[in-house]
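Undergrad: Under this note's numbering, the letters of the sequence shown match residues 6 to 307, in that order.
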Amino acid sequence: LARNVKFLERGIAAAEVHYTHRALRTIFSLRKRLQPEVLVEAISAYASKSNQQNISDALNSAAESLGLKLAAGPSAKLCEPEVCLFFCLLAQLYLLDHGEHEKGARLSDVLVGAALGLQRRTLDPIASRVFFYYSRFFEVAGRLADARPMLLKALQTATLSNMKETKAMGLTLLLRNFLHYKLYDQAERLAAKSSFPTDAPNNLLARYLYYMGRIEAVQLNYSQAQMHLLEATRKAPSTSATAGFQQTVHKIYVIVELLMGNIPERSLFRLPVLRKPLQPYFELAQAVRVGDLSQFQDVVSR
Numbered sequence: 006l007a008r009n010v011k012f013l014e015r016g017i018a019a020a021e022v023h024y025t026h027r028a029l030r031t032i033f034s035l036r037k038r039l040q041p042e043v044l045v046e047a048i049s050a051y052a053s054k055s056n057q058q059n060i061s062d063a064l065n066s067a068a069e070s071l072g073l074k075l076a077a078g079p080s081a082k083l084c085e086p087e088v089c090l091f092f093c094l095l096a097q098l099y100l101l102d103h104g105e106h107e108k109g110a111r112l113s114d115v116l117v118g119a120a121l122g123l124q125r126r127t128l129d130p131i132a133s134r135v136f137f138y139y140s141r142f143f144e145v146a147g148r149l150a151d152a153r154p155m156l157l158k159a160l161q162t163a164t165l166s167n168m169k170e171t172k173a174m175g176l177t178l179l180l181r182n183f184l185h186y187k188l189y190d191q192a193e194r195l196a197a198k199s200s201f202p203t204d205a206p207n208n209l210l211a212r213y214l215y216y217m218g219r220i221e222a223v224q225l226n227y228s229q230a231q232m233h234l235l236e237a238t239r240k241a242p243s244t245s246a247t248a249g250f251q252q253t254v255h256k257i258y259v260i261v262e263l264l265m266g267n268i269p270e271r272s273l274f275r276l277p278v279l280r281k282p283l284q285p286y287f288e289l290a291q292a293v294r295v296g297d298l299s300q301f302q303d304v305v306s307r
């Protein structure tokens, strides 16, 4: 934690975002061994009485959500917004991993309010992740629609303040939100009125292209859907962590190919990460290839 705080402070001093990204790259290793007592102790070291009100509220909410109280002493340091949201992001992850979804949603409400009031370039990567977990808490709680007004506000604020990662995240989260409720027309209108940042991270671009592919497929624009889905598979990082994403995209891609009258290449179904999940789709493609209607209906019924 101390090393990450140093990265964040160096980024603030130099006004460079890559220091923030260096701190965020360690999130997942920290996530596995995160202890609430240690996190609250670190937060207490920055719980100065001179902090801005929204920062103080965020720090207090993070500690309370973990079931602990801040023990701020007279030597507590002034907390920069980046450090505040980084600590609070770790609290979000802990609550999500331990199934504390309602606590996480309440904490996230406070955090997104703070993030929207602190529009700084070096804060952008952290703020985008805070919004991601904000939406995630509402999704797992079964009330994703409740997150929509704040996500719309986040998209508007990020667009006006040129926070590119937060804008990209807000746009993808809203598209996911609309698609979750099958609001395809609203999703299409949002995409038509918004521009995706050209220099956004590839993982966000891959998600955006996937959602656009789904929208185009439902609107029967199969050529555009095929292009978006294929590009999504290319932009997504090729790691074990993204295997589920690759499988989901390729399932829709195969259906779109068949609807266009094309037969996907056999080599696609032989890829190790896709072989088992795409087996029913391979059988479907085989039925279409040989023109066997009974086999086609049998595969669809299964």
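No residue lacks a Cβ here, since even glycine has one placed at the ideal position from N, Cα and C.
Since we're looking at a predicted model, the values are computed, not measured.
Confirm, please, whether the CB-CB distance from Pro277 to Ala290 is below 9 Å.
TA: No, these two residues do not count as a Cβ contact at 9 Å.
Undergrad: According to DSSP, is Asp204 helix, strand or coil?
TA: Looking at Asp204 - three-state DSSP - the assignment turns out to be coil, as it is neither helix nor strand.
Undergrad: Span of the alpha helix (DSSP H) holding His255?
TA: Per DSSP, His255 belongs to the alpha helix (DSSP H) from 248–264.
Undergrad: How would you call Phe33, buried or exposed, if buried means at least 16 neighbouring beta carbons within 10 angstroms?
TA: So Phe33 counts as exposed.
Undergrad: Pick helix, strand or coil for Pro242, following the three-state DSSP scheme.
TA: DSSP places Pro242 in coil when its eight states are reduced to three.
Undergrad: Are there 16 or more other CB atoms within 10 angstroms of the CB of Glu87, so buried, or fewer, so exposed?
TA: Classification of Glu87: buried, given that the 10 Å Cβ count is 16 or more.
Undergrad: Residue ranges of each alpha helix (DSSP H) run of no fewer than 4 residues wholly in the segment 19–50, ordered along the chain?
TA: You should have 22–29, 32–37, 41–49.
Undergrad: Roughly how far, in whole angstroms, is the beta-carbon of Val259 from the beta-carbon of Leu283, given that I think they are within contact range, below 8 Å?
TA: Right, their Cβ atoms sit about 7 Å apart.
Undergrad: My parser needs the alpha helix (DSSP H) runs of 4 or more residues fully inside the segment 98–186; what are they?
TA: Qualifying alpha helix (DSSP H) stretches, in chain order: 106–122, 129–145, 153–166, 169–185.
Undergrad: Between which residues of its own chain and Asp64 is the CB-CB distance below 8 Å, once the five residues before and five after are set aside?
TA: One point to set straight first is that residue 64 is Leu, not Asp, in the sequence displayed. Hits under 8 Å: Ile48, Tyr51, Ala52, Asn56, Leu75, Cys84, Cys89, Phe92, Cys93.
Undergrad: What distance in whole Å lies between the Cβ atoms of Pro285 and Arg307, which are believed to be in contact at a cut-off of 8 Å?
TA: Indeed, because the Cβ distance is near 7 Å, the residues count as touching under 8 Å.
Undergrad: Report, in whole angstroms, the separation of the C-beta atoms of Leu121 and Leu112, which I expect to be a contact under 8 Å.
TA: Not quite, the Cβ-Cβ distance comes to about 15 Å (not below 8 Å), so this is no contact.
Undergrad: With contact counted as at least three CB pairs below 8 Å, one residue from each stretch, are the segment 131–138 and the segment 173–190 in contact?
TA: Contact between the segment 131–138 and the segment 173–190 is present, because at least three Cβ pairs lie under 8 Å.
Undergrad: If you count every other CB in all the chains shown that lies within 10 Å of the CB of Lys108, and 16 or more means buried, which is it?
TA: Answer is buried; the Cβ neighbour count reaches 16.
Undergrad: Quick check on Gln40: buried or exposed, where buried means 16 or more other Cβ atoms within 10 Å of its Cβ?
TA: Exposed, because fewer than 16 other Cβ atoms sit within 10 Å of the Cβ of Gln40.
Undergrad: Give the single residue among Leu195, Gly72, Ala150, Leu214 whose Cα lies nearest to the Cα of Glu46.
TA: Considering only alpha carbons, the answer is Gly72.
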